[in-house]
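Protein sequences appear in the order of chains X and E.
In this text, residue positions in the first sequence follow our numbering: the first is 1, and each later residue adds one.
In this text, residue positions in the second sequence follow our numbering: the first is 1, and each later residue adds one.
See below for the structure under consideration.
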Amino acid sequence: MSEERKIYLKKIKREKNLATFFKIFILIGFFAIWEVAAITGIIDPFITSQPSRIVTTIINLYKQNSLWQHILITAYETCMGFILGTILGTLIASLLWCFPFLCKVLEPYMVVLNSLPKIALGPIFIVWIGSGPSAIIVITLTISLIVCIMDVLGGFIATDKDQIKLIQTFGGNKLQTFTKVVLPSNLPVIVNALKISVGMSWVGSIVGEFLVSKEGLGYLIVYGSQVFKLDLVMASVLILCIIATVMYYAVLQFEKLVLKSRRMN
Amino acid sequence: MNKILEIKDLGLIYQTKDKELEAIKNISFSVNSGEFIGIVGPSGCGKSTLLSLIAGLIKPSKGEIILSEGAHSTGYMLQKDYLFPWRTIWEYVILCLEIKKAKTKENIEKVVRLLKTYGLYEFRNAYPDELSGGMRQRSALIRTLATDPDILLLDEAFSALDYQTRLAVADDIYSIIKNENKTVLMVTHDISECVSLADRVIVLSTRPAVIKSEYKIDFGNEVLTPLQKRDRPEFSQYFNKIWGDIDIHV
Ligand SMILES: Nc1ncnc2c1ncn2[C@@H]1O[C@H](COP(=O)(O)OP(=O)(O)OP(=O)(O)O)[C@@H](O)[C@H]1O
Ligand SMILES: [Mg+2]
């Protein structure tokens with residue numbers, strides 16, 4: 001290895017270490033300042049909570065055996081929301097691609113549904129479906145569905161014309177064109193739609209739980225704020241941060257895996 | 001020599017929302033079995049349209065395309081003949097059989113023979129990103145040959161390659177085509193490619209395409225590869241004549 005290369009690598013490594021240091025420093029600093037400010041009375045822990053009380057709250061939840069239950073129910077609603085949303089969205093986009101006339105007819109309705117804040121439909125679903133996880137899953141699904149349809153349909157329509165022509169030269173029909181070219185070549189688009197849906201599904205499940213629910217992280221947050229237990233609210237938000245990040249990375253890993261197996265990265 | 005394809009007074013007008021666009025106007029010519037026809041014309045003149053018509057992908061507005069008895073199928077190699085990144089070479093070359101639901105033992109054996117003959121058999125489980133540009137072009141050709149078409153239609157089949165690779169690949173593909181004894185219709189805007197590969201060159205005008213002139217390419221009785229032809233004095237004579245026929249305005 002040349003001297004120059006060594007210096008270069010060293011420089012990169014130093015920068016990386018420095019960045020890691022500051023990342024951790026900010027995290028610890030933030031909680032430390034929060035804790036100290038609460039202890040010394042600069043802020044009122046009754047309305048801001050404080051890290052040590054958050055930890056106690058989480059431990060208590062754990063001891064009451066309800067921690068995992070709340071986490072799992074919210075995670076379940078979210079996962080079902082984005083998985084169903086992506087599958088359903090891809091199915092609908094497929095139909096619209098196969099029948100362009102249908103697409104033309106439905107276009108204005110799509111525009112309306114896309115501009116509508118879907119959460120406004122929440123109370124309707126609750127009336128129709130009832131106040132269980134099913135209603136929340138439907139709310140979650142609705143939020144990501146339209147965007148998913150539009151993204152995936154856009155990808156389908158932009159499929160390489162020559163690849164489609166190739167199938168036609170073999171005498172392939174529309175369905176074969178779809179299954180042999182349009183769908184496989186748009187795998188990256190579909191997985192990307194899934195990734196986008198994850199973020200929106202969290203909004204759906206949490207707001208859904210705000211509206212109506214007896215368990216879940218969203219429920220803990222509203223409940224905590226109603227009875228002025230800010231410790232519970234902050235603890236739930238903190239857990240939410242962690243779970244959402246974990247889920248995002250899991251989906252990112254999934255995307256990498258899928259694309260790699262199909263050689264599309 | 002027997003006639004395999006005859007094109008009579010062919011015309012095509014594209015209908016679009018805001019206008020009519022005449023792409024092809026009164027084209028007539030015929031092709032003999034085993035011939036290699038090169039069609040040159042300026043870009044956008046309607047070359048791809050002509051091949052699409054012959055392949056039966058679009059219906060002519062006027063005129064006829066007559067395939068002789070016994071000749072029933074065409075094989076198409078496209079301008080950007082990308083392989084599918086998600087399919088291995090094997091999965092790709094049998095794509096056509098898959099679509100035509102013709103995966104018979106006989107056809108599969110034929111594809112295996114083609115792959116073996118042209119050195120791709122060991123790479124049958126490779127993905128396109130593991131192959132060189134030349135290998136990929138070969139795979140595309142084998143995919144086209146898999147259904148045993150009577151006429152091969154090449155649409156700028158080499159234009160995605162860089163210049164050096166292009167010369168080598170053209171040589172390679174040419175020898176395979178001659179070996180398999182196929183009739184070829186190749187369109188390109190590259191005059192030198194056309195002269196070095198074709199037995200006969202048809203020059204098209206700017207859009208709407210009509211036949212401007214036709215040249216029988218003759219390098220004597222010697223068997224020459226396309227690359228060797230490029231060194232011959234006849235090569236530049238043909239090149240200059242065709243160059244003069246094509247309207248290229250800069
Ligand atoms: N489906 C279509 N609808 C309307 N116009 C079309 C269609 N396909 C091609 N055209 C037009 O017809 C003309 C001829 O197109 P074509 O692709 O046959 O030309 P080309 O000679 O193959 O061009 P290039 O050198 O770019 O490959 C062009 O002006 C093109 O814009
Ligand atoms: Mg073209």
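Idealized CB from N, CA, C, for every residue including glycine.
Taking the alpha carbon of G38(E) as the point to measure from, which residue in V201(E), P233(E), E98(E) has its own alpha carbon closest? Stepping through the second sequence from its first residue, residue 38(E) is reached at position 38. For G38(E), the closest of V201(E), P233(E), E98(E) by C-alpha to C-alpha distance is V201(E).
How would you label T140(X), buried or exposed, when you count the other beta carbons within 10 angstroms and need 16 or more for buried? Looking up residue 140(X) in the first sequence gives position 140. Its Cβ being crowded by 16 or more others within 10 Å, T140(X) is buried.
With a 10 Å radius around its C-beta and 16 neighbouring C-beta atoms as the bar for buried, classify A158(X) as buried or exposed. Residue 158(X) sits at position 158 when you count from the first residue of the first sequence. That one is exposed.
Which class does I191(E) belong to by DSSP, given the choice of helix, strand or coil? Within the second sequence, the letter at position 191 stands for residue 191(E). Three-state DSSP puts I191(E) in a helix.
Answer yes or no: does any C-beta atom of chain X fall closer than 7 Å to that of I65(E)? Against the second sequence, residue 65(E) aligns to sequence position 65. Closer than 7 Å: no.
Is the shortest distance between the beta-carbon of I99(E) and the beta-carbons of chain X less than 7 Å? To locate residue 99(E), count along the second sequence from 1; it is residue 99. It does; some Cβ of chain X falls within 7 Å.
For the segment 72-91 of chain X and the segment 124-141 of chain X, state whether three or more C-beta atom pairs, one from each stretch, are separated by less than 8 Å. yes
What whole-angstrom Cβ distance do L230(X) and T48(X) have, given they're in contact under 8 Å? Reading the first sequence from its first residue, position 230 is the one you call residue 230(X). Reading the first sequence from its first residue, position 48 is the one you call residue 48(X). Contact holds; Cβ gap of about 7 Å.
Closest by CA to F314(X), which one among K182(E), V223(E), L152(E), I177(E)? Here chain X has residues from 1 to 265 only, and residue 314(X) is not among them.
Given that P60(E) touches chain X, what residues does it touch there, using C-beta distances under 9 Å? The count along the second sequence starts at 1 and reaches residue 60(E) at position 60. Within 9 Å Cβ-Cβ: nothing; P60(E) doesn't reach chain X, min ~17 Å.
Report buried or exposed for V36(X), applying the criterion of at least 16 other Cβ atoms within 10 angstroms of its Cβ. The residue you call residue 36(X) lines up with position 36 of the first sequence. Under this definition V36(X) is an exposed residue.
Whose C-alpha, out of G220(E), R138(E), Y127(E), is nearest the C-alpha of G119(E)? To locate residue 119(E), count along the second sequence from 1; it is residue 119. Of the candidates G220(E), R138(E), Y127(E), the one whose C-alpha sits nearest the C-alpha of G119(E) is R138(E).
Give a yes or no on whether the C-beta atoms belonging to L102(X) and P188(X) are separated by under 7 Å. Translated into the one-based positions of the first sequence, residue 102(X) becomes position 102. Translated into the one-based positions of the first sequence, residue 188(X) becomes position 188. No, they are not a contact pair.
Compute the Euclidean distance between the alpha carbons of P149(E) and R143(E), then round it to the nearest angstrom. Within the second sequence, residue 149(E) is the residue found at index 149, counting from 1. Within the second sequence, residue 143(E) is the residue found at index 143, counting from 1. Going from the Cα of P149(E) to the Cα of R143(E) covers about 11 Å.
Over the uninterrupted alpha helix (DSSP H) stretch that includes M80(X), give me the two end residues. Here residue 80(X) corresponds to residue number 80 of the first sequence, with the count starting at 1. 67-98 is the span of the alpha helix (DSSP H), which, as asked, contains M80(X).
Going by CA-CA distance only, name the one from Y121(E), Y76(E), I13(E), Y82(E) that's closest to Q163(X). For the purposes of this step, residue 163(X) is taken as the residue at position 163 of the first sequence. The candidate whose alpha carbon is nearest that of Q163(X) is Y82(E).
By Cβ distance below 6 Å, which residues in the same chain neighbour I58(X) in space, the five residues on each side in sequence not counted? In the first sequence, counting from the first residue as 1, residue 58(X) sits at position 58. Excluding the 5 residues flanking it on each side, I58(X) has same chain C-beta neighbours closer than 6 Å at A235, in chain order.
Using 7 Å as the limit for Cβ to Cβ distance, is P42(E) near chain X? As a working mapping, residue 42(E) is identified with position 42 in the second sequence. No, because no Cβ of chain X sits closer than 7 Å to the Cβ of P42(E).
Please identify the residue among N181(E), L185(E), V203(E) whose C-alpha is closest to the C-alpha of I191(E). As a first step, residue 191(E) is located in the second sequence; it is residue number 191 there, counting from the start. Distances from the alpha-carbon of I191(E) to those of N181(E), L185(E), V203(E) put V203(E) closest.
Just checking K80(E) against ligand 2 - is the residue's beta carbon closer than 6 Å to any of the ligand's heavy atoms? Translated into the one-based positions of the second sequence, residue 80(E) becomes position 80. No; taking the cut-off as 6 Å, the Cβ of K80(E) has no heavy atom of ligand 2 nearer than that.
Compare the Cα-Cα distances from Q226(X) to each of L240(X), G216(X), R263(X), F210(X) and report the closest residue. Locating residue 226(X) in the first sequence gives position 226, where the first residue counts as 1. Nearest option by C-alpha distance: F210(X).
Taking Cβ-Cβ distances below 8 Å as the criterion, which residues of the segment 215-228 of chain E are in contact with chain X? none
For K25(E), count the other beta carbons within 10 Å of its own beta carbon; 16 or more makes it buried, fewer makes it exposed. Which is it? By 1-based counting over the second sequence, the position of residue 25(E) is 25. Buried, by the Cβ-count rule.
Return the first residue and the last residue of the beta strand (DSSP E) that T74(E) is part of. As a position in the second sequence, residue 74(E) is number 74, starting the count at 1. T74(E) -> beta strand (DSSP E) spans 74-77.
For A38(X), which residues from the same chain have a beta carbon less than 6 Å from its beta carbon, with the 5 sequence-adjacent residues on both sides left out? As a working mapping, residue 38(X) is identified with position 38 in the first sequence. For A38(X), the CB contacts under 6 Å within the same chain, skipping 5 residues up- and downstream, are P45, Q50 in chain order.
Rounded to whole angstroms, what is the Cα-Cα separation between L95(X) and I54(E)? Locating residue 95(X) in the first sequence gives position 95, counting from the first residue. Locating residue 54(E) in the second sequence gives position 54, counting from the first residue. Roughly 31 Å between the two C-alpha positions.
What residue ranges within the segment 17-99 of chain E form continuous beta strand (DSSP E) runs of no fewer than 3 residues, ordered along the chain? 20-32, 36-40, 62-67, 74-77
Can you look up A168(E) in the DSSP assignment and give me helix, strand or coil? For this step, residue 168(E) is matched to residue 168 along the second sequence. Helix, per DSSP.
Are the C-beta atoms of A160(E) and some chain X residue less than 7 Å apart? Within the second sequence, numbered from 1, the residue matching residue 160(E) stands at position 160. So no, A160(E) is outside the interface.
Would you say the beta carbon of S48(E) is closer than 6 Å to some non-hydrogen atom of ligand 2? The sequence position of residue 48(E) within the second sequence is 48, counting from 1. Result yes, Cβ under 6 Å from ligand 2.
Anything in chain X within Cβ reach of Y76(E), meaning under 7 Å, just list it in chain order. For this step, residue 76(E) is matched to residue 76 along the second sequence. Near Y76(E) (Cβ distances below 7 Å), the residues of chain X are T169.
Identified DSSP bridge partners for T183(E): What you label residue 183(E) is simply residue 183 of the second sequence in a count that begins at 1. Per DSSP, I151(E).
Going by DSSP in three states, A146(E) sits in which element: helix, strand or coil? Your numbering for residue 146(E) matches position 146 in the second sequence. Coil, per DSSP.
Please tell me whether A92(E) has its Cβ less than 7 Å away from any Cβ of chain X. Counted from its first residue, the second sequence places residue 92(E) at position 92. Note that residue 92(E) corresponds to Tyr in the displayed sequence, not to Ala. It does not; no Cβ of chain X falls within 7 Å.
Does the beta carbon of P123(X) come closer than 7 Å to any beta carbon on chain E? The residue given as residue 123(X) occupies position 123 in the first sequence. So no, P123(X) is outside the interface.
Contact set between the segment 132-145 of chain E and chain X, restricted to residues whose Cβ is under 8 Å from the partner: none
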